[in-house]
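These notes are about the structure you will find just below.
In our numbering, the protein residues as written are 320 to 751.
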């Protein structure tokens, strides 16, 4: 991951800046204890492990769930569109909830919501209940996803890069583990897809425990729930006037579209090509696990470049090659296509890195991150649903794969625009 100076405030050099490190000037008595820091590390890792299994476990058993709930292909596509919708809708509420209750308490509630949603949804009795319980779990993921960087910055102001790397690694590990293990665990527990989906609730329940112990630390969290400086110190920004912000938001949305299509539909693509269900799950896991090493390599490389456009192009070319392979030889080259799509999906950590590099201040990063992620997730909603509709009405994967490959073209163009060496402050600051 990139170093903190380049990631959070590339144009700032004073390490004591309150905008960049709000806790660095705090009195010694207000700083968290060693025990608290260790507990936060455990909490962050366990929380990150639970931010994707609700999605990838369903992808591995999507066909069984679709048949068991008597879903059409279009409704199954709706299931794969629910995650970005929930992230866009519920993620917006996270900062306000954190200001009122403290980020630790909100993440604790988020982990509990994930556990309850995962244990309820397979046994909800029908498609509406399944969707409602899924939305509950995804609501917990959404608020936790938004607040993880806030907590990292609050407790580790001088180690944002290394802790973000740990968080990203745990997230990728949880993603790939659920993809690879769901089918074997389902078979080991009797073959019921309902039990195979519900078992991941236990992992979320364990993640609640360290956050319960941290909930009492609310007073300090209320002082600055967003990790940003006081309102009086925040420069007046009109982020919607920034071309870079819009390019980054659209780039984020298109890469999220590709990621959720992959998580929701890639196992089915392989299964339709004659690959077994368990192998299809492992192939998805291979795609997801590529994010573990590359989450460290790509951000560090990007932070050393003034323009991240070449990385954007390289990731896009990997994705185009992978989709072409899925179209021409899905089973014969399955492992190669899974690897290439895994590399392409690492546009996510690249987007997060560019968010940090396109602002000079910590407060600017908070605003740009909120705008880019909320807007981006809204953009990503139709993609997985459209893939399901095309799959149902065309009876094959030619049109869906054409759509996936076509979306990579504007993603590369917008990524190159977002990767230019400029900041949102230069584009949006309102001068008095």
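Cβ coordinates follow ideal geometry from the N, Cα and C atoms, glycine included.
Spatial neighbours of residue i within its chain, please: C-beta separation below 7 Å, excluding the five flanking residues on both sides.
| i | result |
| --- | --- |
| residue 438 | 517, 520 |
| residue 489 | 364, 367, 368 |
| residue 501 | 376, 379, 380, 515, 600 |
| residue 731 | 631, 632, 635 |
| residue 642 | 720, 723, 724 |
| residue 597 | 502, 503 |
| residue 745 | none |
| residue 491 | 607, 608, 610, 611, 614 |
| residue 571 | 670, 691, 692, 695 |
| residue 495 | 604, 607, 608 |
| residue 455 | 432, 435, 436 |
| residue 427 | 527, 530, 531, 534 |
| residue 587 | 381, 382 |
On the CB-based measure, 16 or more other CB atoms within 10 Å of its CB, does residue i come out buried or exposed?
| i | result |
| --- | --- |
| residue 430 | buried |
| residue 568 | buried |
| residue 274 | Outside the shown range of the chain, which is 320 to 751, sits residue 274, and nothing can be said about it. |
| residue 453 | buried |
| residue 623 | exposed |
| residue 735 | buried |
| residue 473 | buried |
| residue 417 | buried |
| residue 581 | buried |
| residue 626 | exposed |
| residue 422 | buried |
| residue 470 | buried |
| residue 356 | exposed |
| residue 576 | buried |
| residue 281 | Since the first and last residues shown for the chain are 320 and 751, residue 281 lies out of range. |
| residue 440 | buried |
| residue 650 | exposed |
| residue 648 | exposed |
| residue 557 | exposed |
| residue 442 | exposed |
| residue 756 | Only positions 320 to 751 of the chain appear in this structure, which leaves residue 756 out of reach. |
| residue 583 | buried |
| residue 425 | buried |
| residue 629 | exposed |
Would you kindly report the start and end of the unbroken alpha helix (DSSP H) that includes residue i?
| i | result |
| --- | --- |
| residue 570 | 562-591 |
| residue 745 | 743-747 |
| residue 352 | First-last for residue 352: undefined, no H or E at that position. |
| residue 717 | 717-737 |
| residue 672 | 666-676 |
| residue 513 | 512-517 |
| residue 389 | No alpha helix (DSSP H) holds residue 389; DSSP gives it neither H nor E. |
| residue 431 | 422-439 |
| residue 411 | That residue, residue 411, is in no alpha helix (DSSP H); it is neither H nor E in DSSP. |
| residue 508 | No alpha helix (DSSP H) contains residue 508, which DSSP labels as neither H nor E. |
| residue 615 | 610-622 |
| residue 378 | 372-379 |
| residue 662 | 653-663 |
| residue 628 | 628-647 |
| residue 752 | The chain is shown from 320 up to 751; residue 752 falls before or after that span and cannot be answered. |
| residue 594 | It is not in any alpha helix (DSSP H) - residue 594 carries neither H nor E in the DSSP assignment. |
| residue 714 | First-last for residue 714: undefined, no H or E at that position. |
Near residue i, what residues of its chain come up, given a Cβ to Cβ distance below 8 Å and the 5 sequence neighbours on each side ignored?
| i | result |
| --- | --- |
| residue 579 | 374, 399, 400, 402, 403, 699, 702, 703 |
Output needed for residue i: all residues of its chain with C-beta closer than 6 Å, excluding positions within five of it in sequence on either side, in chain order.
| i | result |
| --- | --- |
| residue 498 | 375, 379, 600, 603, 604, 607 |
| residue 529 | 358, 361, 362 |
| residue 661 | 606, 609 |
| residue 526 | 365, 366, 369, 430 |
| residue 477 | none |
| residue 372 | 493, 497, 519 |
| residue 593 | 650 |
| residue 482 | 471, 475 |
Using a Cβ cut-off of 9 Å (strictly closer), state whether residue i contacts chain C.
| i | result |
| --- | --- |
| residue 740 | The structure shown contains no chain C; it is built from a single protein chain. |
Quick one: is the Cβ of residue i within less than 8 Å of any heavy atom of the ligand ZN?
| i | result |
| --- | --- |
| residue 517 | Within the structure as shown, the ligand ZN is missing, as the structure has no ligands at all. |
Whether or not the segment 399-411 and the segment 456-463 are in contact is what I'm after, with contact meaning three or more pairs of Cβ atoms, one per stretch, closer than 8 Å; do they touch?
yes
Taking one C-beta from the segment 730-743 and one from the segment 560-567 each time, how about it: are there three or more such pairs within less than 8 Å?
yes
Contact between the segment 696-704 and the segment 600-614: three or more CB pairs below 8 Å?
no
Counting pairs of beta carbons, one from the segment 644-660 and one from the segment 615-635, are three or more of them closer than 8 Å?
no
Counting Cβ pairs, one atom from each stretch, are 3 or more of them under 8 Å apart for the segment 507-516 and the segment 634-646?
no
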